[in-house]
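Converting from the sequence shown to the numbering used here requires adding 155 to each position, the first position being numbered 1. Yeah, the Cβ is synthetic: ideal placement off N, Cα and C, and Gly gets one too.
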Amino acid sequence: MGVQDRTKRGDHTKGGATVEMSDSGRWQEGGFSIDADELSRMSHPGDHAKLQSLGGLAGVAERLQVDPKRGIDDTEEETARRRLHFGSNTYPEKPGKTFWYFVWEAMQDTLVQILFVCAIASIAVSIPAEGSLEGLYDGLGIFIALFLIITVAAISNYRQAVQFQKLNREKKKIQIEVTRSARRCKVLIDDLVVGDIIHLSTGDHVPTDGVVMEGHSLAVNESSITGESENVHKDEGNPFILAGCTIMDGFGEMMVTAVGMRTEWGKVLATITEDSDEPTPLQVRLTKVAELLGIMGIIVGVLIFLILSIRYLVENADFSNFNGNDVNVLLSYFTISITVLVIAVPEGLPLAVTLTLAFSVTKMMQDKSLVRHLQSCETMGCATTICSDKTGTLTLNEMTVVQAWVAGDFHKPHTIRTGVSTPVAELLYQAIAVNTSGSVDEPPEQGMPPVVSGSPTEKAILTWGVSFGMRFHETKDQCEILAVQPFSSTRKRMGVLIRTPSSPSSSDASSALPTEAATGAGSSSSGGNLRVHWKGAAEVVLQQCGHYVNSLGSIVPLTEPKRMELERTLRGMGKEALRTLAFAFRDFDKRTGVGDMPKRDDGSVGVPEDDLVCVGFVGIKDPCRVEVPDSVQQCQKAGIVVRMVTGDSVETATAIATECGILTAGGMVMDGAQFRAIHPNDLPATVDRLEVLARASPTDKLQLVRALKEMGHVVAVTGDGTNDAPALHEADIGLAMGQCGTEVAKESADIIILDDNFASIVRTVVWGRSVFANIQRFLQFQITVNCVALTLNFISAVVTGDAPLTAVQMLWVDLIQDTLGALALATEPPSDKLLQQPPVGRSQDLVSAAMWRNIIGQSVYQLSLLCALWFKGMEVLQLPGPPGVPRVIAKGGEEISVGEMQLVTIIFSSFVFMQIFNQLNSRKLEEWNVFEGLLVNRLFVLIVSIELSVQVLLVELLGQFAGCVRLTITQWALCFALGAGCVPFGMITKLFPLPGGHHPRRKVLFGRNANQGFERLESS
156 MGVQDRTKRG DHTKGGATVE MSDSGRWQEG GFSIDADELS RMSHPGDHAK
206 LQSLGGLAGV AERLQVDPKR GIDDTEEETA RRRLHFGSNT YPEKPGKTFW
256 YFVWEAMQDT LVQILFVCAI ASIAVSIPAE GSLEGLYDGL GIFIALFLII
306 TVAAISNYRQ AVQFQKLNRE KKKIQIEVTR SARRCKVLID DLVVGDIIHL
356 STGDHVPTDG VVMEGHSLAV NESSITGESE NVHKDEGNPF ILAGCTIMDG
406 FGEMMVTAVG MRTEWGKVLA TITEDSDEPT PLQVRLTKVA ELLGIMGIIV
456 GVLIFLILSI RYLVENADFS NFNGNDVNVL LSYFTISITV LVIAVPEGLP
506 LAVTLTLAFS VTKMMQDKSL VRHLQSCETM GCATTICSDK TGTLTLNEMT
556 VVQAWVAGDF HKPHTIRTGV STPVAELLYQ AIAVNTSGSV DEPPEQGMPP
606 VVSGSPTEKA ILTWGVSFGM RFHETKDQCE ILAVQPFSST RKRMGVLIRT
656 PSSPSSSDAS SALPTEAATG AGSSSSGGNL RVHWKGAAEV VLQQCGHYVN
706 SLGSIVPLTE PKRMELERTL RGMGKEALRT LAFAFRDFDK RTGVGDMPKR
756 DDGSVGVPED DLVCVGFVGI KDPCRVEVPD SVQQCQKAGI VVRMVTGDSV
806 ETATAIATEC GILTAGGMVM DGAQFRAIHP NDLPATVDRL EVLARASPTD
856 KLQLVRALKE MGHVVAVTGD GTNDAPALHE ADIGLAMGQC GTEVAKESAD
906 IIILDDNFAS IVRTVVWGRS VFANIQRFLQ FQITVNCVAL TLNFISAVVT
956 GDAPLTAVQM LWVDLIQDTL GALALATEPP SDKLLQQPPV GRSQDLVSAA
1006 MWRNIIGQSV YQLSLLCALW FKGMEVLQLP GPPGVPRVIA KGGEEISVGE
1056 MQLVTIIFSS FVFMQIFNQL NSRKLEEWNV FEGLLVNRLF VLIVSIELSV
1106 QVLLVELLGQ FAGCVRLTIT QWALCFALGA GCVPFGMITK LFPLPGGHHP
1156 RRKVLFGRNA NQGFERLESS
């Protein structure tokens, strides 16, 4: 009996149990006769004496002005009043990192700090030698370039941090079911207030402290609070339940007594919402690549400095008169070598991973996928098989009873009342009303249908019962519920032990059912006797039945021929893709009491499940989602095997799998019992062909995942129940259902599918592959820049003793190749063409053969033209300098002709334009049309526009700082043409064949004979 039953009898009213008032009976401000501190002292660590002094559960409810049956009023004024006096269920958020934090972080780079020192030294040496204005240019130019690099990097990192903060806030949006204004509804846990009546069920995390008002087999894991792993049974005798606990079994109701900072829930939230700062596997691999490129850069940078310095000292320096000019030249060489090192060290690689992950997870939210662990976004691109649930994922989860077999005959759902006798109908009413975790509430407005709540299956059955005359509360209130056996995916059924109505005027559901002599089952009984009701998977419940109700409404023995007939009936319904649930009951005579019932392991009363009487079974239709067949076909084309793992019968699973396209030629169907009987040596061959596993338990799912992983598969698995947690944790990618999944399942998952739709899972595959593809795009672009910049500077140092690019110019190139390049290429939206490629291999090279071909081709093109300009440009272009400009420019103690300065500027601009156009090439690693989908990525277009504009402004307006002179229109056209030539040359490069052929693909269906039909294993 729950408190709500006692409430009905008035036990906690003024005329019922005596309620002692705290503080001499004075009501506190706001009308509550108890405050938050007193409630907290009662809950921690569970003070039974304090509870009794307050009048027990009913007394606490009265002091909190709560009717346990109706809950609190569902109004903003009422919840605001309770928040004012008892607090809100929120927790202080960890302050996010500010923009200035990322500025400071960017300034901690060792190379940046060295360049700062070089800039200061350059100014200190140059001003005495060249004057206050001329001496500022080199150093100030480096300062400006560093300022831009630091600012852009800080802005980019800050934006990603803000995005991840938003993602974490989304993870906190957990809903739980409460009763308010006599209606069950879902609210966010942040909106819970003291006095709320929360409905708890298996898999829930308890979001507040409270007391259990009514519990049925309520087993709670308190390990997060006490450290004890044993589940604790909760009921009105042991009602205290704390935030942070997990409901492992059963269901019930609790009244909230403490919220927010007065609870333990904050610790649980921290484990659910905070991502580790550990690098993802892809970031680790890219760090190794960056280290390798950095080592190459150090070697080249040191060589450039040594070569330039030695040549200068040998050819120009007067050691007897070594002055500031000589120091300035050597300092410029050191600065150039450090700048070469800045370009060579690809700081943009980790940034690119962060950018593409942030971009992907944000877009995945729009595609109804919430990423909990960042590395799963990468791993999803490697998935080779998806083990999917059926209900809600492949189907709509909109269940309707479309067929019923009751008392020996088939009936349409709405004709039950007229098709069966009154005693049978009333027995069904009782079986539905008392043996459910759902409820039927009054409609919000007159003329509207009742509000049915619960799981989709429960809602379908309750709606069916209401449709043929069931009065839910009237029927349920006539019975006393003594014990409940909740549904579990392992047991596949649920049961309840009740005491039937004792009043002669009350409906006694089976007392009018005649029985054949000597059956001993369902004998006629008067009110007040014990009865059990069972409901669950039809063939499972049928196995426990020894009798059934026939077409005459009599209870008769279930003979073996009749059992086989019913089993054939069930298989026929299964082939129509119907889920079948059976109803059965058993009556006990007056001599049997509660003490004669079996006991559970915890000593509580159990529910007998043998010698049952089958009343009937129903067929529930759950249509396949319209988009699923196409999504399954996309997966198969992408080299991903889709497997269905379901608790439904073989017939139902086969029908749905065929409709969805999961069952392919040569695929195998089996049930859980057959799967468990497979010898370990035979498991790989069997599992490889297995496409449908029916009547599967969570343990079967776990074993399947392990077997597939041992075979080398990268496994994604879906789950929604508490018992699915081990499989979700074991899988490479755990996918929990957002709508019907328990909090335990979600906590064990890597990605939460918010709409429970298989098509959304396919989108996660696309985004996973996009992460890898975007990193490859950026990597190809950056390695090309590195190769060209290092080689060009090295060749120039060896041959001419000078560098074609200044420190400021190379810092601008570094900004393009690192931060701006990462922004442009790491945010490329995915194309469905990614599903035409095989899965990304876990150990697949980051730089593919196609990328090396493109890198080498571009490097050859760019180096050939840039070296030609550097060594022969003055002659070919005939650069005397524009009219009106002096033919010599004093710089660094040496005179350089304007023509030479123009040549340096042309080389610089051509080099920059080559990198900008090579960004276009890098968008498509193997496809010719690099402009396809260009306008879809507006950020790419914006960044390229900024790069082009800044390059022109840098040369035309800031030439003194950048070491440039202004160019003519013709010279600008030349630079642009040389840069744009990267695109057609890149197309030509892609004509060269790759070693081992083009696009090697894996087999989509491993080891299957396309000429065979699917195979179903028959039970022996």
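Per DSSP, reduced to three states, the secondary structure at M1029 is helical. The continuous alpha helix (DSSP H) containing D969 extends over residues A962 to L970. Per DSSP, H528 has no beta bridge partner at all. The C-alpha of P778 is placed about 23 angstroms away from the C-alpha of T919.
With contacts defined as CB atoms closer than 8 angstroms, F772 and A737 qualify as a contacting pair.
Judged by DSSP in its simplified three-state form, P881 adopts helix. Rounded to the nearest angstrom, the gap between the Cα atoms of A499 and I1143 is 27 angstroms. Considering only T939, A693, L529 and R527, the residue with the shortest C-alpha distance to V561 is A693.
In this structure, V1099 is the residue among F1116, V1099 and L1122 with its C-alpha nearest to the C-alpha of A1135.
In the three-state reduction of the DSSP assignment, E731 falls in the coil class. Non-local C-beta neighbours of G956 in its own chain, meaning closer than 8 angstroms and more than five positions away in sequence, comprise I462, L463, R466, Y467 and E470, ordered along the chain. When C-alpha distances from V1015 are compared across L947, A979 and G867, the shortest belongs to L947. Counting only unbroken stretches of 3 or more residues, no beta strand (DSSP E) element lies wholly within the segment 186-269. The DSSP-derived three-state label of D751 is helix. DSSP lists E408 as the bridge partner or partners of H354.
Remark: C-beta atoms of A849 and D826 approach each other more closely than 8 angstroms. Looking only at W1025, V940 and D190, the smallest Cα-Cα distance to M1069 is reached by V940. Below 8 angstroms, enough C-beta pairs join the segment 870-879 and the segment 849-859 to call them touching: three or more. A contact between stretches requires three or more CB pairs, one per stretch, nearer than 8 angstroms, and the segment 576-596 meets this requirement with the segment 731-751. Residue state for W1083 is assigned as coil, using DSSP reduced to three classes.
Per DSSP, the beta bridge partners of N376 are N386 and T401.
In this structure, the straight-line span from the alpha carbon of A588 to that of I344 is close to 29 angstroms.
Look at R339 here: in three-state DSSP terms it is strand. Rounded to the nearest whole angstrom, the C-alpha separation of P578 and G602 is 29 angstroms. Excluding its 5 nearest sequence neighbours in each direction, L721 has C-beta neighbours in its own chain below 7 angstroms: L697, listed in chain order. At a Cβ-Cβ threshold of 8 angstroms, A862 and V847 do not count as neighbours. The Cβ atoms of T357 and F395 do not sit closer than 8 angstroms to each other. Counting every other CB atom within 10 Å of its CB across the protein chains shown gives A812 a total of 16 or more, marking it as buried. Ranked by Cα distance from M752, the options F949, L685 and E1111 are led by L685. Assignment of beta-bridge partners to D596 by DSSP yields V606. Taking 3 residues as the shortest admissible run, the segment 906-933 contains the following complete beta strand (DSSP E) segments, listed from N- to C-terminal end: 906-908.
The Cβ-Cβ distance between L504 and L441 falls below 8 angstroms. The secondary-structure analysis by DSSP pairs E369 across a beta bridge with E408. Judged by their CB atoms, F1072 and V1138 are nearer to each other than the 8 angstroms cut-off. In summary, E731 is exposed, with fewer than 16 beta-carbon neighbours lying within 10 Å of its beta-carbon over all protein chains present.
Going by beta carbons, L975 and L934 fall outside the 8 angstroms limit.
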